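Chains as they are written, first to last, in full-length UniProt numbering: chain A, 1 to 379; chain B, 1 to 379. The beta-carbon is built from N, C-alpha and C at its ideal position, and this holds for glycine as well. In this text the structure is predicted, and so the values were computed from the model without any measurement. Encoded as structure tokens, the structure appears first; notes follow it.
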DNA sequence: TTGTATGCGTTATCAA
DNA sequence: TTGATAACGCATACAA
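And the structure:
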């Protein structure tokens, strides 16, 4: 590859000063039309391309790139989210660098460091399952950071001491509004909203966009109960994951279980992949030990449906996260649907607002979920 | 955000020269341990982060970033591909910037220009449907470019004159090997392989990774014919898309139709989304005008299954591209499966090889497809 | 082993 | 309106 021409080359070819070319390239209006056209000619003839990397090292300038750290771009949940972020950023002139952490804390840390070294303007991050590496403390002062899907710091006080604090939260009305709930630290106490169980109500470190995981799971579980289910399987990924803990908490709340107790009315199975989920369900199907399934993520839903299909039988089922196959099988699979696109858009706007200079205290936005009933919740 | 500290700051704090810090940061071994530890201390105390953007403007250095231009990251086909590219690049220390062109030629051009301005080290691109903007001519001399999923220049000589050249290609043996076919211009003529119909056998402009679209479509169509289908619907996206033209060509070849003729034994329907595809199928279902469906992409497959499910009936169906729901419905949906992960990996390796200095003439790699039969091909 | 001086491609300052 | 010059943060000759 030949060394690409620089502004200096263009300036020489056009017989003008370097600065004039710079002005032209940056779209300045106050340029002699004669010079401008000579510059334009030189640019096309030499094949000059503006070097944003070089421009970005000047103080006050940047490459207009945002980093996005998710767990796996191949998962439709994340790819739809990434696409939504990309779209919003693109409309504002930003590019997106997406990386997959594979739920590995070390890799996560490595990727964040790399993106910072690359001097991205902002960071949208789905925090790793065990935030012991404290990457956020380093990153947050350097550039705007937004947490997506999960909060940055573990909200639970400590993994060991689990004293569920106050009196059991009064069941919130299962409102069906579509507006996001805003939970700012500077509490405007008028908007009624489901409180995250076990969540300390203190200020988040960074802007945070979450779904109402607990509320969605609770609604789904109640629906299964309403149709007569008594021994519901909670089928999901590791409870080390924030979303899983929240969904499990909502599940237990619907069952009327003490969040801390270990009542075996709530059987919990862990599966990282759809195949594992299918195995679990297949193994349980004939036993009578369960009479319904709450699938806590899209892979679990897929696995459960797969097991049902192969066995030629089924149990009442509701999944968390909508998925493509949900409408293609009979009965249709009922789900707790998140507005993934809105989550991405909200996160992107949060970074953009900070980049535009706004500096309000960090806010947590909790997006409502929607219970979509398609028939699979019935016996 | 405070101005981040530079190497100069670190050098001052550690009481050493700038260059020594540079060495330390770049992992040089020949440093006095005493100085090294002083530098290390200064780095952590100041919170210094290496600035790769600044480093990358030095000659011979780069930011180690690759650009990927696809049509829509939200489509599982592309997101799985992107993930595969990301993984391979990541193993080699590169980051990936993925952008979605939305199949819009102007937007495509804009994005490519932006990525070049950003000084990415290489470009993996799924070319736009009508490559009239000639972006490749500008880009290719500047940095390694790899075409993925579609060739860079239109292979068809011209949209108007369609003289199918030589005698009808002898039907290639439907080999089931898994190794990719290599079609280099410096023809090693031993490996038997399906020739792209209508494809000029001249040298590609850039390394190109394709799937055997025509061969896969032909095999699928033959399978439908074998089970008695006579009026097969070709349901896909616009024939302006290379992959659609190829799949349609394979479809017609299986039907024994002259590639140029307009025999209405081959009914073709265009649908950009799954919903549109479902509408088309629903409208045709009762009419008896078709007795089988070849769904030419994953959205068409989804739409067809949706239509079948809603109507409570079905027709023999084979789709192009595997999709999640294919195994979850009964009968399972038969598909022509591409090895998407391999396509991404191959493309990534192609860029990396060029970046490593290799300069063989550009090669076209055609990946075999695999006909996966699950039952939906039966009447 | 360490330091000094210079340049990478660009933009900002300030004078012409 | 235009141009000479000095940064920006970093890395490489070359000297010490």
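The CB of residue 86 of chain B comes closer than 8 Å to the CB of 73, 98, 99, 100 in chain A, given here in chain order. Chain A has no Cβ within less than 8 Å of the Cβ of residue 334 of chain B. The criterion of a C-beta distance shorter than 8 Å is not satisfied by residue 68 of chain B and residue 88 of chain B.
A straight-line Cα-Cα distance of about 31 Å links residue 64 of chain A and residue 209 of chain B. DSSP places residue 1 of chain B outside both helix and strand once states are collapsed to three, so it counts as coil. Contact residues of the UniProt domain "HTH lacI-type" (5-59) of chain B toward chain A are 47, 49, 50, 51, 52, 53, 54, 56, 57, 59 (C-beta to C-beta distance below 8 Å). When DSSP assignments are scanned along the region 240-328 of chain B, the uninterrupted stretches of alpha helix (DSSP H) that are 4 or more residues long and fall wholly within it turn out to be 242-255, 274-285, 298-311.
Measuring C-alpha to C-alpha distances from residue 128 of chain B to each of B:120, B:112, B:372 identifies B:112 as the nearest. Residue nearest to residue 44 of chain B within the set A:348, A:225, A:137 is A:137 (criterion: CA-CA distance). Secondary structure at residue 109 of chain B: helix, using DSSP grouped into helix, strand and coil. The three-state reading of DSSP puts residue 236 of chain A in strand, counting E and B together. For residue 306 of chain A, the closest Cβ of chain B is nearer than 8 Å.
Rounded to whole angstroms, the gap between the alpha carbons of residue 306 of chain A and residue 233 of chain A is 16 Å. Listed in chain order, the positions of the region 124-146 of chain A with a beta carbon within less than 9 Å of a beta carbon of chain B are 138, 141, 142, 143, 144.
According to the DSSP assignment, residue 22 of chain B belongs to no beta strand (DSSP E) but to the alpha helix (DSSP H) extending over 18-25.
Setting aside the 5 residues that flank it on each side, residue 53 of chain A is surrounded in the same chain by 63, each with a C-beta closer than 7 Å to its C-beta; the list follows chain order. Look at the beta carbons and you see the region 336-352 of chain B touching the region 138-147 of chain B: at least three pairs across the two are nearer than 8 Å.
Within 9 Å of the CB of residue 309 of chain B, the CB atoms of chain A belong to 327, 328, 329, 330, 332, in sequence order along the chain. For the region 350-375 of chain A, there are no residues whose beta carbon sits under 8 Å from a beta carbon of chain B. Against chain A, the beta carbon of residue 148 of chain B has no neighbour under 9 Å; the closest one sits roughly 16 Å away.
Secondary structure of residue 56 of chain A (DSSP, three-state): coil.
In terms of Cα proximity to residue 284 of chain B, the closest of B:274, B:273, B:304 is B:304. Only buried fits residue 24 of chain B, as 16 or more other CB atoms lie within 10 angstroms of its CB. At a cut-off of 8 Å between beta-carbon atoms, residue 318 of chain B makes no contact with chain A. When DSSP states are grouped into helix, strand and coil, residue 370 of chain B belongs to the strand group. Contact check for residue 140 of chain A and residue 205 of chain A: beta-carbon distance about 6 Å, within the 8 Å limit, so the pair qualifies. When DSSP reads this structure, residue 332 of chain B sits in a beta bridge with B:375. Taking C-beta atoms under 8 Å as the contact rule, residue 109 of chain A and residue 56 of chain A fail to qualify, at a distance of about 24 Å. Note on geometry: alpha-carbon atoms of residue 221 of chain B and residue 320 of chain B lie some 11 Å from one another. About 16 Å separates the Cβ atoms of residue 35 of chain A and residue 9 of chain A, ruling out a contact at the 8 Å cut-off. Contact note: residue 80 of chain B reaches chain A through 73, 74, 79, using a C-beta cutoff of 9 Å and chain order. 113, 114, 115, 116, 117, 118, 119: these are the residues of the region 104-122 of chain A whose beta carbon lies less than 8 Å from some beta carbon of chain B, given in chain order. Using a CB distance cut-off of 8 Å, residue 83 of chain B counts as an interface residue toward chain A. Taking 4 residues as the shortest admissible run, the region 71-128 of chain A contains the following complete alpha helix (DSSP H) segments, listed from N- to C-terminal end: 76-91, 105-117.
The C-beta of residue 343 of chain A comes no closer than 8 Å to any C-beta of chain B. Under the three-state reduction of DSSP, residue 32 of chain A is assigned to coil, being neither helix nor strand.
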